[in-house]
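Heads up: the structure comes next, in structure tokens.
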Amino acid sequence: MLTSFEIKSQAIKSFAYFGIMALSPLTLLWNLWAFRTRKGRTIGSTLPTLALVGILIIGPLNIVYSSSAWKTQKVLYQNGHLDFKKVEFQVQDVGALGYNKRTVEVTYLTSLFMMVSPMAKDIDNRVEWIKVDKEVNELELKSPNPPPSAKYSPIR
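Encoded structure:
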């Protein structure tokens, strides 16, 4: 089962993503200017160069679009043994492109950080999961389920 670490706080996630994008070229230029020896320049420029290559491979726009945090709209199941483990329906606002939606099993490490894994198919048959269907609406949408295309309806 694949699990990923995610940042729940929009401010921290944006700071981390945009910080890496802005500081990688600045650190590279600083290290090339500040280090006098060839060995020092090589060692000092390796990590910023790898970060820049990663940014270029992934694409700056993909990084900007993925910097939006996932917001919980509905808690579907609660683990009976562990209060910090839930199955949630989450929505990610990607601006003019609409919304990304997913239903995942979430393990909260703190209120700001979580581990996310795909939801098991047989969750209804498991004893440890209790169905709760609790509306949370962290994205503060007017309807609980956002439209597939956009947040606002077009002017007619």
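Its first residue numbered 35, the sequence shown is counted upward by one per residue in the working numbering. C-beta: ideal position from N, C-alpha, C; glycine also. Given the structure is predicted, the values throughout are model-derived calculations rather than measurements.
Can you tell which of the options has the C-alpha that lies nearest to the C-alpha of residue i?
{"i": "VAL121", "options": "ILE77, PHE69, PRO152, LEU63", "result": "PRO152"}
{"i": "TYR15", "options": "ARG160, PHE39, PHE49", "result": "Shown here, the chain extends from 35 to 190; a query on residue 15 therefore has no answer."}
{"i": "ILE41", "options": "SER100, TRP67, PHE69", "result": "SER100"}
{"i": "ASP117", "options": "VAL125, THR144, PRO94", "result": "THR144"}
{"i": "VAL166", "options": "LYS119, LYS135, VAL150", "result": "LYS119"}
{"i": "ILE92", "options": "GLU139, GLY114, THR71, MET55", "result": "MET55"}
{"i": "ALA154", "options": "ASN113, VAL98, MET148", "result": "ASN113"}
{"i": "ILE88", "options": "ARG72, TYR51, LEU175, THR71", "result": "According to the sequence displayed, residue 88 carries Gly and not Ile. Minimum Cα distance to GLY88 is reached at TYR51."}
{"i": "VAL98", "options": "GLY129, LYS73, ARG72", "result": "GLY129"}
How far does the beta strand (DSSP E) with residue i in it reach, from first residue to last?
{"i": "PHE49", "result": "Careful: PHE49 lies outside any beta strand (DSSP E), inside the alpha helix (DSSP H) at 44-68."}
{"i": "GLU122", "result": "119-127"}
{"i": "GLU40", "result": "38-41"}
Which of helix, strand or coil does DSSP assign to residue i?
{"i": "VAL109", "result": "strand"}
{"i": "LYS73", "result": "helix"}
{"i": "ASN134", "result": "strand"}
{"i": "VAL98", "result": "helix"}
{"i": "SER145", "result": "coil"}
{"i": "ASP167", "result": "strand"}
{"i": "VAL87", "result": "helix"}
Tell me which residues share the same chain as residue i and place their Cβ nearer than 7 Å to its Cβ, disregarding the 5 neighbours each side in the sequence.
{"i": "ILE157", "result": "TYR111, VAL121, TRP163"}
{"i": "ARG75", "result": "ASN65, LEU66, PHE69"}
{"i": "ILE46", "result": "LEU146"}
{"i": "HIS115", "result": "GLU162"}
Are residue i and residue j closer than 8 Å when you measure CB to CB?
{"i": "SER48", "j": "LEU62", "result": "no"}
{"i": "LEU86", "j": "SER58", "result": "yes"}
{"i": "PRO82", "j": "ASN96", "result": "no"}
{"i": "THR141", "j": "PHE123", "result": "no"}
{"i": "SER38", "j": "VAL150", "result": "yes"}
Spatial neighbours of residue i within its chain, please: CB distance less than 8 Å, with the 5 preceding and 5 following residues excluded, ordered by chain position.
{"i": "ASP127", "result": "SER102, LYS105, TYR133, LEU173, LYS185"}
Leaving out the 5 sequence neighbours to the left and right, which residues in its chain are closer than 6 Å to residue i when beta-carbon positions are compared?
{"i": "LYS168", "result": "VAL109"}
{"i": "SER43", "result": "LEU146"}
{"i": "ILE189", "result": "Annotation note: pLDDT 48 at ILE189 (below 50); position unreliable, coordinate value reported separately. Once the five neighbours on either side are set aside, ILE189 has no close Cβ partner at all."}
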